[in-house]
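These notes are about the structure you will find just below.
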Amino acid sequence: MAGAYVDVPADWATVETRRAGPFVTASTFRRPDGTQFHWTSRANRKRGRGSSHGSLLWAPRAIAWWIAILFMVGSACFAIGPLPGYLQAVGSTGDAITYFVGSIFFTSAALCQLIETGVAPRSLTRHHSHRARRLLAIKARRIDWWACSVQFAGTLFFNVTTARSIHPSSGLAAGKNAIWTPDWRGSICFIVASWLAYAEAGHGWISWRPRSRGWRIAALNMAGSIAFLASALGAYVLPTTGEPASLLWTNAGTFVGALCFFAGAALLLPERVRPDEIGDRGAPAAETATT
Numbered sequence: 010m011a012g013a014y015v016d017v018p019a020d021w022a023t024v025e026t027r028r029a030g031p032f033v034t035a036s037t038f039r040r041p042d043g044t045q046f047h048w049t050s051r052a053n054r055k056r057g058r059g060s061s062h063g064s065l066l067w068a069p070r071a072i073a074w075w076i077a078i079l080f081m082v083g084s085a086c087f088a089i090g091p092l093p094g095y096l097q098a099v100g101s102t103g104d105a106i107t108y109f110v111g112s113i114f115f116t117s118a119a120l121c122q123l124i125e126t127g128v129a130p131r132s133l134t135r136h137h138s139h140r141a142r143r144l145l146a147i148k149a150r151r152i153d154w155w156a157c158s159v160q161f162a163g164t165l166f167f168n169v170t171t172a173r174s175i176h177p178s179s180g181l182a183a184g185k186n187a188i189w190t191p192d193w194r195g196s197i198c199f200i201v202a203s204w205l206a207y208a209e210a211g212h213g214w215i216s217w218r219p220r221s222r223g224w225r226i227a228a229l230n231m232a233g234s235i236a237f238l239a240s241a242l243g244a245y246v247l248p249t250t251g252e253p254a255s256l257l258w259t260n261a262g263t264f265v266g267a268l269c270f271f272a273g274a275a276l277l278l279p280e281r282v283r284p285d286e287i288g289d290r291g292a293p294a295a296e297t298a299t300t
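Under this note's numbering, the first residue of the sequence shown carries the number 10, and numbering increases by one thereafter.
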């Protein structure tokens with residue numbers, strides 16, 4: 010399976026391979042006994058060490074569970090932050106702290122995703138022991154590694170911008186300007202990461218696979234990233250007026266984006282228990298992704 014990262018038994022034959030650009034996202038294999046095995050990059054990552062521990066709602070020994078919970082908490086913070094009543098209740102500093110706390114949860118979840126890519130199974134027939142050096146290795150052939158790495162960088166940008174907004178000496182215009190400069194970088198990182206994850210789940214740069222839970226998660230994250238970018242554009246301070254371009258865009262984009270991220274994170278809980286498209290199949294995959 011050229012371009013992929015898993016070890017395939019020598020006596021398995023490749024029936025079909027799907028790609029998103031240079032990245033292999035799915036393959037179907039025929040075993041010597043004639044049965045078939047369908048592999049996808051996303052599902053393979055989700056069946057990593059500890060993925061089957063615990064129940065649907067409580068599985069603290071599973072890293073995929075932590076990814077879902079941390080993203081849900083972080084998304085909730087960003088959804089609450091732009092609500093007018095909340096700002097009046099806690100004040101500008103309290104509101105800024107809420108965003109900062111949410112960004113820390115985002116970064117923690119993104120770090121867990123990077124770890125998840127490092128401990129993903131390398132064998133189709135058994136689990137190998139994981140080594141710490143794999144967590145730090147650059148995995149340029151893997152679309153999921155690129156998606157998680159870019160997303161992690163984006164969360165770091167949000168850490169910086171939300172921390173700056175807490176400073177009480179910054180006025181409205183100064184604060185918006187300080188947030189804007191790195192915020193658009195973080196939002197672009199989210200767009201790129203979401204598109205890579207979408208391509209991985211849909212096996213192509215453009216796809217329509219709503220029956221796949223992984224695809225729905227990636228699509229929700231893409232929508233949330235677009236909404237966050239709209240928020241960043243709205244926060245841009247116009248040099249002619251010294252005011253943000255649109256506070257409506259800023260607040261609405263943050264709120265809608267956070268809701269999309271929350272919904273996508275919530276779907277990670279059932280996906281951990283039953284990832285899409287991995288295991289035995291009676292026939293080769295016939296679905297074709299648009300590229």
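Here a beta-carbon is modelled for each residue, glycine too, at the ideal position from N, C-alpha and C.
Which one or two residues does DSSP pair with Arg28 in a beta bridge? Val33
Starting from Trp75, follow the alpha helix (DSSP H) in both directions and report where the run begins and ends. Ile72 to Ile89
Helix, strand or coil at Ser234 [DSSP, three-state]: helix
Neighbourhood of Val24 by C-beta distance below 7 Å, restricted to the same chain and skipping five residues each side: Thr37, Phe38, Arg39, Gln45 and Pro293
Under 9 Å between the Cβ atoms of Ala88 and Leu268? yes
Thr170: first and last residue of the uninterrupted alpha helix (DSSP H) it sits in: Ile152 to Ser174
Take the Cβ of Pro18 as the centre, count every other Cβ of all protein chains shown within 10 Å, and call the residue buried at 16 or more, exposed below. exposed
Bridge partner(s) assigned by DSSP for Val246: Pro253
Below 8 Å, can you find three or more Cβ-Cβ pairs linking the segment 196-205 to the segment 221-235? yes
8 Å contact criterion, which Phe80 and Phe115 should meet: CB distance rounded: 7 Å
Using CA coordinates, which residue listed in Ala261, Glu125 and Glu280 is at the minimum distance from Pro93? Ala261
Would you mind sorting Gln160 into buried or exposed? The rule is 16 or more other CB atoms within 10 Å of its CB. buried
I'd like to confirm the pairing. Which residues does DSSP put opposite Ser132 in its beta bridges? Asp16
Would the segment 152-166 and the segment 119-133 be scored as touching if the rule is three or more Cβ pairs under 8 Å? yes
Going by other Cβ atoms of all chains shown within 10 Å of its Cβ, with 16 needed for buried, is Ser132 buried or exposed? exposed
Pick helix, strand or coil for Thr126, following the three-state DSSP scheme. helix
Classify Arg39 as helix, strand or coil using the three-state DSSP reduction. strand
Is the CB-CB distance between Ala206 and Asp285 below 9 Å? no
Give the straight-line distance between the Cα atoms of Gln97 and Ala241, rounded to the nearest whole angstrom. 22 Å
Let me check one thing: in DSSP terms, what residues is Ala22 bridge-paired to? Arg39
DSSP three-state label for Trp217, please. coil
Between the alpha carbons of Ser64 and Ala272, how many angstroms are there, rounded? 19 Å
Taking the beta carbon of Asp42 as the centre, do at least 16 other beta carbons fall within 10 Å, making it buried, or is it exposed? exposed
What residue range is occupied by the uninterrupted alpha helix (DSSP H) comprising Lys55? Ser50 to Lys55
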